[in-house]
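Heads up, the thing below is written out as C-alpha cells.
Number of protein chains: 2
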Amino acid sequence: MSWKISSESLQEKQLLNEESLFFTGNGYLGVRGNFEEGLPDTYSSIRGTYINAFHDIVPIEYGEKLYGFPETQQKLLNVIDAQTITILLGDEKFSMFEGDVLSYNRSLYLDKGYSERNVHWRSPKGKEIKIKFLRLVPFTHKELFIQKLIVEPVNYNDEITIVSTVNGDVSNFTDKDDPRISSGHAKRLRVNEVQQRDISFVEVETLESKLKAACGATYKVSQDYKREDHIKSGMIQSFFSGRLTEKVILEKKSVFVDTLRHGDDLSEKVEGIHSLLSEAGFEEALRQQEEYLQQFWNDTDIEIQGDTSLQEGIRFNLYHLLQSAGRDQVSNIAAKGLSGEGYEGHYFWDTEIYMLPVFLMSNPEIAKKLLIYRYSILDGARNHAKIMGHSKGALYPWRTISGTECSSYFPSGSAQYHISADIAYSFIQYFMVTGDMEFLKEYGAEVLFETARIWIEAGHFKDGQFRIDAVTGPDEYTCIVNNNYYTNAMAKHNLRWAVKAYNLLQTMEPERLAELSTRLVLELQETAVWEQAAKQMYLPYDETLMINPQDDSFLNKDVWDLPSTPEDKFPLLLHYHPLTLYRYQVCKQADTVLAHFLLEEEQATETMKNSYDYYEKITTHDSSLSSCVFSIMAAKHGYGEKAYDYFIETARLDLDNTHGNTKDGLHMANMGGTWMAIIFGFAGLRIKEEGLSLEPILPAQWEGYSFPLHYRGRKLRVTKSKTQAKIELLTGEPFNIKVSGESYHLTQNDAIVK
Amino acid sequence: MSWKISSESLQEKQLLNEESLFFTGNGYLGVRGNFEEGLPDTYSSIRGTYINAFHDIVPIEYGEKLYGFPETQQKLLNVIDAQTITILLGDEKFSMFEGDVLSYNRSLYLDKGYSERNVHWRSPKGKEIKIKFLRLVPFTHKELFIQKLIVEPVNYNDEITIVSTVNGDVSNFTDKDDPRISSGHAKRLRVNEVQQRDISFVEVETLESKLKAACGATYKVSQDYKREDHIKSGMIQSFFSGRLTEKVILEKKSVFVDTLRHGDDLSEKVEGIHSLLSEAGFEEALRQQEEYLQQFWNDTDIEIQGDTSLQEGIRFNLYHLLQSAGRDQVSNIAAKGLSGEGYEGHYFWDTEIYMLPVFLMSNPEIAKKLLIYRYSILDGARNHAKIMGHSKGALYPWRTISGTECSSYFPSGSAQYHISADIAYSFIQYFMVTGDMEFLKEYGAEVLFETARIWIEAGHFKDGQFRIDAVTGPDEYTCIVNNNYYTNAMAKHNLRWAVKAYNLLQTMEPERLAELSTRLVLELQETAVWEQAAKQMYLPYDETLMINPQDDSFLNKDVWDLPSTPEDKFPLLLHYHPLTLYRYQVCKQADTVLAHFLLEEEQATETMKNSYDYYEKITTHDSSLSSCVFSIMAAKHGYGEKAYDYFIETARLDLDNTHGNTKDGLHMANMGGTWMAIIFGFAGLRIKEEGLSLEPILPAQWEGYSFPLHYRGRKLRVTKSKTQAKIELLTGEPFNIKVSGESYHLTQNDAIVK
C-alpha cells in the first residue's frame with residue numbers, strides 16, 4: 032500500500048522529524064505535524080503554523096558591513112497556533128509519555144489528503160481511552176485548517192475536559208550554530224486582538240512589516256458538554272467538559288487570513304469565510320479533498336512497479352510539493368516548503384530549476400502562478416541590480432520573500448548571478464511547453480530582457496570572447512570565480528532567448544514591444560549586443576582532460592582528499608572554514624554537470640561524459656540539490672547502476688532523514704529532483720524548441736514505471752516495462768515526438784511502442 | 032618653526048579632527064585633544080582616553096554564520112575620563128562658543144612633548160579672563176596624565192569655581208554606516224568603585240573580558256581655594272572655589288593603571304605611583320619629557336631644507352608614532368594608534384610593514400618590543416591556523432588585540448594570509464639590521480618555523496611549481512585569488528628564511544633547536560619541503576605586458592574606468608558593493624608594487640618598472656597604505672616628480688585630513704610611510720643580508736635633507752644636498768656600505784661624499 036506514510040515511533044528525534052514529514056498544507060497554509068497535546072518539556076519540538084510569504088522584516092547584523100550589504104531580511108513567521116488540544120480525564124492529563132500507550136500509529140494519506148493519529152491509552156491511574164486525531168488542510172479552501180478529535184471510553188466513563196486553544200503568543204525556532212537556520216529574532220509578533228464571540232478570534236501583527244494575520248476557530252461537539260472560554264495573554268482556551276459515557280467527537284475549524292491577501296479587516300473576513308463554510312464539516316472537506324487529489328494524481332502520479340518503498344518516497348515527495356506550492360502570485364515555494372522554518376521561508380533558485388518542472392509537466396497552471404510571482408518582484412530585482420553596481424537590468428536576489436535580497440553572505444548569495452538566468456530559463460521552458468504567447472507577451476519578455484541586460488554589464492568582451500567575472504556558480508564550495516561554466520552557459524541561453532523574444536514580439540505583438548521598449552528604454556541595437564555576447568560567450572574547455580572546467584581557475588587547485596575525509600566531517604560546510612573549501616577542487620553539488628543537463632546541446636556527449644566522470648570524484652553531494660542531477664546524467668551516460676543509486680538517495684532523503692536536518696523542514700528541491708530523476712533521467716525526457724524527446728530506460732531493480740505528461744494542451748502517458756516503452760496520447764491533437772532518437776507522429780489512436 | 036603644530040580654528044569639523052591631531056600619548060596611554068570644558072551638545076565630538084590593548088570582548092553578529100567565523104572580537108575601550116575641567120565665573124560657565132573669544136590658539140610641541148591651549152575670553156556678561164590649558168603624557172612615566180590650568184583675571188575679580196572630574200561613566204563612539212568604525216557595543220564598562228580620599232579614585236571593569244582599569248587624580252591649587260568633592264553615578268567632581276584676585280593655577284595629576292599590567296590591586300598601585308611622583312609637578316615632568324625627546328629626535332629626526340610645511344608633516348608623523356607605539360610586550364601599534372577608535376584599536380600588518388622600519392632604524396629597542404608582542408600571541412596564531420583548516424603552523428589573525436581573529440569579513444580579513452609572511456619579514460629585517468642572534472634564537476626562529484608551515488599547507492606543488500590558492504593580497508579590491516604575486520613572493524622569503532634560521536640554529540644554537548624541534552614536532556625533512564617550495568614558488572609573469580600580474584586571473588578582468596568615475600565616488604569601498612570591485616582591474620592600494628619594493632631582487636628592474644606603470648593607472652590609493660609605496664618605487668624608477676607628489680599626499684594626510692576620516696584617529700601606517708618614502712624612497716636605503724645600500728636623490732623642490740640611521744650598533748648620518756650626498760659614521764665600528772652602486776668602507780674618520 033503506497034498511498035500513505037505511517038509511523039509508530041515515539042523516539043524523540045524521530046518525533047521531531049515527523050513534525051516535518053507529517054505536516055499538512057495547501058500552498059497557503061502549512062501546519063507542522065505536532066502532537067495536539069504537546070510533548071514533555073524536555074523534548075525538542077518545533078511547533079509551527081505558517082502562512083506562505085507571511086513574514087516580518089528583521090535587521091541583519093554584521094561585524095563589518097560593507098557597501099550594499101542588505102540591512103534587513105524577511106523571515107517567515109510561525110503564526111497563530113490552533114493545533115493545540117489537550118484532554119483531561121478527571122485530574123489526569125493525556126500524554127503519550129505518561130501512563131501506558133497500548134497502541135499508537137499515525138498516518139498521512141496521500142490520496143485522501145488528511146492525517147490521522149490513533150492512540151489507545153491507559154492513564155497512570157488506569158483510565159483507558161481510545162483517541163483519534165484527524166487533521167486536514169483543504170486544497171480547495173486555502174484558509175481552512177480542520178481538526179477532528181474522537182475520544183472513545185474503554186474502562187472510564189467519568190469526567191472529561193477537552194481544552195482547545197487558539198494562541199497568538201508564539202515564537203519562531205532559532206539555532207545559532209547552524210547557518211541554515213535563523214539565529215535570532217524569535218519573537219516577531221504581537222497580539223492585536225483576542226475576542227470570543229461565536230468565533231474564537233485572535234489577530235496578530237508583525238513588529239516591522241506590519242502585516243497582520245488572524246485565526247478564527249469554531250467548534251462542534253457531538254455531546255451536550257458544558258463550554259467555557261477563557262481569555263488569557265494572547266490566547267483563548269475553550270473548555271468542553273462532561274462525562275465520557277460514550278464516544279465524543281470534537282470538530283475544530285480554524286480559518287487563517289492575512290493582510291497580504293485578505294484586505295485590512297481580518298475579523299470580518301474570518302466571519303465571512305466561516306459563514307460560507309457554514310455547517311460543512313470534516314466529512315465534506317474530506318470528500319472535496321479526495322476529489323481534488325484524484326485529479327492531481329491523475330495528472331501527476333508516477334507508478335513504479337517492483338519497489339514499494341520507492342513508490343512511497345515518490346508519492347510522498349510529489350504530495351508535499353503540492354502542499355507547499357504557493358499559487359496566489361504573492362507566494363512561491365520556500366526551500367523547506369511550508370513544513371518548517373529552515374532557510375527562514377525564503378524562495379531560492381530551487382523553485383525554478385528543481386520544482387517548477389514538476390508542475391510545468393503536470394499542472395501548468397500552478398507553474399504559471401509560480402512564474403508570475405517572479406514577475407511580481409521584478410522591481411525588487413531591478414533595485415538589487417542597482418545595488419550590485421549595474422546601471423540597468425534585473426538581478427534577482429538570491430533568497431527572498433518579498434523581493435529584496437535576504438542573503439547576508441554574498442559570496443554564496445548575491446554573487447550567484449546565475450539565479451537570474453535560472454529564472455529566465457524557467458520562463459523559456461514554460462513557453463516551450465505551453466506555447467503560451469500571451470504569457471510571453473505579458474510576463475516572459477520583460478523578464479528575459481531585464482535579466483539579459485545583467486550579463487552585458489557583468490561580463491565583457493575580451494579577445495573575441497564574452498567573459499563573466501566575479502560570480503559564484505551553483506557549487507557553494509567554490510565562490511567568486513571567473514567564467515563559471517554553468518553561469519556562462521545559462522547566460523548565453525538567457526541572451527539568445529531575450530533576442531528571440533524580442534523578435535517574436537516584433538512580429539506578433541509590436542504594440543506590446545513598443546510599450547516595453549519605451550518603458551525599459553530598450554533599443555534594437557541593445558539586442559545586437561545580446562546576440563553578439565551569446566555568440567561569443569566563453570565556455571571554458573580543458574584540452575588535456577577534455578572536460579569543461581567549472582571555472583577559469585578550478586583545475587589549477589589542489590584536489591580535496593575525499594577518501595581520507597572522516598565521515599563525521601560531512602557536510603563539509605559545517606566542519607571547515609569556507610576559505611579552506613574554496614582552496615580545493617571539491618564540490619558541494621552538481622555545477623558543470625547541471626549545466627550539461629539543462630543545456631546539453633552546448634557540448635559533445637563525450638565532453639559531458641568526461642566531465643561527469645571528473646566531477647563525480649570530487650562532489651560531496653552535501654547539498655540536497657545534487658544527487659538527482661547526477662542520477663539524471665548517469666542515466667544519460669549509460670551508468671544505469673549509478674543512476675539508480677543516486678535516485679535512491681534522492682527519493683527517500685527526508686523519509687530516511689539522510690541529511691540529518693529534516694526536522695527543520697523538508698528538502699523541497701530534492702523532492703522535485705525525484706520526479707526529475709525519473710522523467711528526465713530514466714525516461715530521458717528533454718524539452719526543446721523543436722519538441723519533446725524521450726530515451727526511456729528501466730532500472731534493473733524495477734518491473735516498470737508509468738507517468739502522465741502535459742504538453743501544449745495534450746496529455747500523454749509514458750509506460751516503460753521490462754520489454755517495451757509505450758507512449759500514448761491520451762487527449763489532444765496529434766504531434767511529433769522523438770523517442771530513442773527516432774521521430775514519430777503520435778495520435779490518440781496509435782501509441783508508440785518500442 | 033617646525034617643532035610644533037598649531038591651530039586657531041573653532042570650526043566644528045576641524046575641532047573634531049583636532050581631537051585626533053592634538054592627542055597626547057606615550058604608547059601606554061592616549062588622551063584625545065578634547066577641550067577640557069567640552070563642546071556644545073550639538074557639536075560632534077569623540078571624547079576619548081585609551082589604554083593600549085585595554086579591551087573588552089564583544090560578540091560578532093552574523094546574518095549567516097559559517098564554520099570558523101569568529102564569535103567574538105576585542106574592542107579597545109574608551110576608559111575613564113580625567114580630561115574634564117570646567118570653569119565658572121559666578122553664574123557663567125566658560126565656553127568657547129558663548130560670549131567672545133578675543134584670542135585663541137592651541138599648539139602641540141613636538142620637541143617638548145606637551146600641548147597648550149590659550150584663550151582670551153569675555154563672558155556674555157562681560158567678564159574677561161585669560162586661560163591656559165597645558166597637558167602632558169610623559170614618556171618616562173607611562174601611567175601619568177598631567178594637566179595644568181592657569182586662569183588669569185583681566186577685568187573680573189569675583190567668584191570663580193573650577194570643577195574637575197574623574198568619570199568612569201563613559202562610552203565608545205559608534206557609527207553604523209562606516210565599516211571602518213564600530214557599529215555597536217558602545218557601553219562596555221561598569222564602574223566598580225568610586226572613592227574620594229587623598230586621591231579621587233575611580234575603578235572600572237569591562238563586561239566580558241573582566242579587565243579592570245583605574246584612574247586616581249590628585250590636585251594642587253596655587254591659591255587657598257575651598258575644595259568640595261561630590262561623588263555621583265560613577266564619577267567624582269571636585270570643586271575648587273574662591274575669588275579670582277590674581278592668577279590661579281591648578282595642577283591635576285591623573286594616574287591610569289590596568290590589570291593587564293599592574294596586577295589586581297589597582298587602588299594600591301595608584302597610590303604607590305602617586306607617592307613615587309610625590310611633589311613632582313608639571314615643570315619637572317616637562318623637563319624629563321624634553322630630555323627624552325631630545326634623545327628621540329637625535330635618533331630619528333629627518334631634517335628637510337626648503338619646505339617648512341613638509342618638515343612639520345614629517346615631524347608630526349614621527350612624533351605621533353612615538354606616542355602610539357606600545358612597548359610593554361602586551362601591546363602594539365593600533366591602526367589609529369592611541370588617537371582614536373577607528374578599527375577598534377586593532378593591530379594589523381600595518382605595524383610590521385609600515386611602522387616597524389621607523390623604529391628598527393632609529394630605536395631598535397622599541398622595534399624589539401613590538402616583535403615580542405607578535406611572539407606573545409603565537410598561540411593565538413596557532414589556534415587560528417587550526418580554525419582555518421591547517422594541521423600545524425601559525426596563521427596570524429588579520430586584526431587582533433589579544434591574539435584571536437577579530438575580522439568578521441574574511442575575504443579581506445583572514446584570507447589575507449600574507450600577514451604571516453609580513454610578520455616573518457619584519458623578524459628577518461630585525462635580524463638583518465641588528466644581527467641579534469639571541470633574539471633570533473629566543474623569538475625569531477619559532478615565528479619563522481611556524482609561519483613557514485602555513486605556506487606548505489595553503490599551497491601545493493603542481494607541474495613543477497609551488498602555488499598558493501584562495502588568499503587575498505594587500506589589495507582589498509580583489510579578494511580570494513590564486514597566486515597573488517605579493518603573497519607568493521613573501522611566502523617564498525618566509526620559507527627561505529625559515530630554512531636559514533634552522534641552519535643557523537643547527538650550527539650556533541643546537542640545544543635550542545633540539546628544544547624547538549621537540550616542542551614543535553619539527554624534523555629536518557620538513558625544512559627540505561620548505562626549501563623546495565621556496566625554490567619552486569610560482570611568481571606570475573605576463574609575457575605580453577612584461578609585468579607581474581597581481582594574481583592568476585587579474586589581467587583577464589575588465590579595467591575599471593577610473594577617469595570616468597566621479598570624484599564623489601571615492602573611496603570606492605564606500606560606494607560600490609565589494610563584488611562589483613572584485614569584478615574589475617582596480618586596486619585599493621599597492622600590492623604587486625609593494626612586493627617589488629620589499630623583495631626587489633625577485634624581478635628585473637624592467638619588470639618592476641613596467642608593473643609600476645601598469646598598476647599606477649588602476650590604483651585609487653583609497654587605502655592610506657598606498658601612496659608612500661608608490662612614492663618609494665617612483666623614486667627607484669626615476670620618476671622624481673611622481674615620487675614627490677605621492678610623498679606630499681603621504682606626509683600631510685592627517686594634518687590636511689585628505690582621507691576625510693582623521694576624526695576617527697590618525698593613519699599610523701601612513702605616518703610610518705612618510706619616513707619610508709624619504710629613507711627608502713629618496714635616500715634609496717635597502718637592507719639586505721649582505722649589508723646596507725643607499726641611492727640618494729633629492730626632490731627638485733628641496734634644498735636638502737638629513738637623517739640618522741642605526742645599524743648593528745652603529746649610528747650613521749645621511750645628508751643629501753643639491754650638490755652631494757654625504758654618509759657619516761657617527762659611532763661604531765667601520766663597515767662596508769654601498770652607495771649609488773659602489774661599495775665603500777666607512778669609518779668614523781672618513782665620510783663618504785658623492
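As they're listed, the protein sequences go chains A and F. Under my numbering, think of the first position of the first sequence as 32, with each following residue one higher. Under my numbering, think of the first position of the second sequence as 32, with each following residue one higher. From the three backbone atoms N, C-alpha and C, an ideal C-beta is built for every residue, glycine too. On a predicted model such as this, the values are computed, not experimentally measured, just so you know.
Worksheet entry | For glutamine 226 of chain A, the first and last residue of its enclosing alpha helix (DSSP H) | First-last for glutamine 226 of chain A: 220 to 227, but that is the beta strand (DSSP E), not the alpha helix (DSSP H).
Worksheet item: Taking the alpha-carbon positions, what's the isoleucine 304 of chain F to glycine 669 of chain F distance?
Response: 55 Å
Discussion item. Is the beta carbon of arginine 358 of chain A closer than 8 Å to that of lysine 400 of chain A?
Written reply: In contact: lysine 400 of chain A and arginine 358 of chain A (Cβ atoms closer than 8 Å).
Worksheet item: Between glycine 64 of chain A and serine 146 of chain A, is the Cβ-Cβ spacing less than 8 Å?
Response: yes
Practice prompt. Let me know if glutamine 114 of chain A comes out buried or exposed under the rule of 16 or more other beta-carbons within 10 Å of its beta-carbon.
Written response: buried
Item to complete: Classify histidine 776 of chain A as buried or exposed, calling it buried when 16 or more other Cβ atoms lie within 10 Å of its own Cβ.
Response: With fewer than 16 other beta carbons inside 10 angstroms of its own, histidine 776 of chain A counts as exposed.
Worksheet item: Nearest chain A C-beta to serine 658 of chain F closer than 8 Å, yes or no?
Response: no
Practice prompt. Can you give me, in chain order, the residues of the stretch 226 to 244 of chain F that have a beta carbon less than 8 Å from any beta carbon in chain A?
Written response: none
Worksheet item: Would you call the stretch 416 to 434 of chain F and the stretch 482 to 494 of chain F in contact, with 3 or more CB pairs under 8 Å?
Response: yes
Practice prompt. Give, in chain order, every unbroken run of the alpha helix (DSSP H) that is at least 4 residues long and sits entirely within the stretch 429 to 490 of chain F.
Written response: 449 to 465, 476 to 489
Item to complete: Please check if any C-beta of chain D sits within less than 8 Å of the C-beta of histidine 86 of chain A.
Response: No chain D appears in the structure shown, which is made up of the protein chains A and F.
Worksheet item: In whole angstroms, what is the alpha-carbon distance linking serine 355 of chain F and glycine 696 of chain F?
Response: Computed Cα separation, rounded: 11 Å.
Worksheet item: Would you say arginine 498 of chain F reaches chain A, if we count a Cβ-Cβ gap shorter than 8 Å as a contact?
Response: Among the residues facing chain A, arginine 498 of chain F is included, as its CB has a counterpart in that chain under 8 Å away.
Fill in: Paired residues, beta bridge with glutamine 236 of chain A - DSSP
The residue you asked about is not glutamine; residue 236 of chain A is glutamate in the sequence shown. Paired residue(s): A:Arg221, A:Lys243.
Worksheet item: Of all the CB atoms in chain A, is at least one closer than 8 Å to the CB of serine 439 of chain F?
Response: Judged by the 8 Å Cβ criterion, serine 439 of chain F is in contact with chain A.
Item to complete: Only counting runs of 4 or more residues, tell me where the alpha helix (DSSP H) segments fall wholly within the stretch 502 to 543 of chain F, in order along the chain.
Response: 516 to 539
Fill in: Top-ranked residue by Cα proximity to glutamate 343 of chain A, from A:Leu52, A:Gln779, A:Asp330
The residue with the shortest Cα to Cα distance from glutamate 343 of chain A is A:Leu52.
Fill in: Within chain F, partners of glutamate 372 of chain A - CB distance below 9 Å
Within 9 Å Cβ-Cβ: nothing; glutamate 372 of chain A doesn't reach chain F, min ~15 Å.
Worksheet item: With respect to the beta strand (DSSP E) encompassing aspartate 676 of chain A, which residues constitute its N-terminal and C-terminal limits?
Response: Premise fails: aspartate 676 of chain A lies in the alpha helix (DSSP H), 671 to 682, not in any beta strand (DSSP E).
Worksheet item: Quick one: complete alpha helix (DSSP H) runs, 4+ long, within the stretch 305 to 358 of chain A?
Response: 313 to 331, 339 to 355
Worksheet item: Below 8 Å between beta carbons: does that hold for glutamate 680 of chain F and glycine 337 of chain F?
Response: no
Practice prompt. Decide if glutamine 325 of chain A is buried, meaning its Cβ has at least 16 other Cβ atoms within 10 Å, or exposed.
Written response: exposed
Discussion item. With a threshold of 8 Å between beta-carbons, can methionine 419 of chain F be considered close to chain A, or not?
Written reply: yes
Discussion item. Could you give the first and the last residue of the continuous beta strand (DSSP E) run that contains glutamate 773 of chain F?
Written reply: 773 to 777
Practice prompt. Compare the Cα-Cα distances from serine 657 of chain F to each of F:Phe678, F:Tyr742, F:Glu631 and report the closest residue.
Written response: F:Phe678
Practice prompt. Just the C-alpha distance for glutamine 227 of chain F and aspartate 122 of chain F, rounded to the nearest angstrom, thanks.
Written response: Answer to the nearest angstrom: the Cα atoms are 26 Å apart.
Worksheet item: Straight-line CA distance for threonine 103 of chain A to leucine 46 of chain F?
Response: 35 Å
Item to complete: Pull up the DSSP beta-bridge partners for tryptophan 561 of chain F, would you.
Response: DSSP, once it has assigned bridges, lists no residue as partnering tryptophan 561 of chain F.
Worksheet item: On the three-pair Cβ rule with 8 Å, is the stretch 205 to 218 of chain A touching the stretch 172 to 181 of chain A?
Response: no
Fill in: chain A contact for threonine 611 of chain F (CB, 8 Å cutoff)
yes
Worksheet item: Counting Cβ pairs closer than 8 Å, one from the stretch 521 to 530 of chain A and one from the stretch 440 to 458 of chain F, do we hit at least three?
Response: no
Fill in: CB contact check: alanine 564 of chain F to chain A, cutoff 8 Å
no
Discussion item. Between A:Gly504, A:Val286, A:Asn329, A:Val552, which has its C-alpha nearest glycine 61 of chain A's C-alpha?
Written reply: A:Val286
Worksheet item: Terminal residues of the continuous beta strand (DSSP E) containing tyrosine 140 of chain F?
Response: 131 to 140
Worksheet item: Checking contacts by CB at 8 Å: is alanine 800 of chain F closer than that to chain A?
Response: What the structure shows of chain F is the stretch from 32 to 785, and residue 800 of chain F is not part of that stretch, so it cannot be assessed.
Worksheet item: Which word fits asparagine 519 of chain A, buried or exposed, when buried means at least 16 other C-beta atoms lie within 10 angstroms of its C-beta?
Response: Buried: at least 16 other Cβ atoms inside 10 Å.
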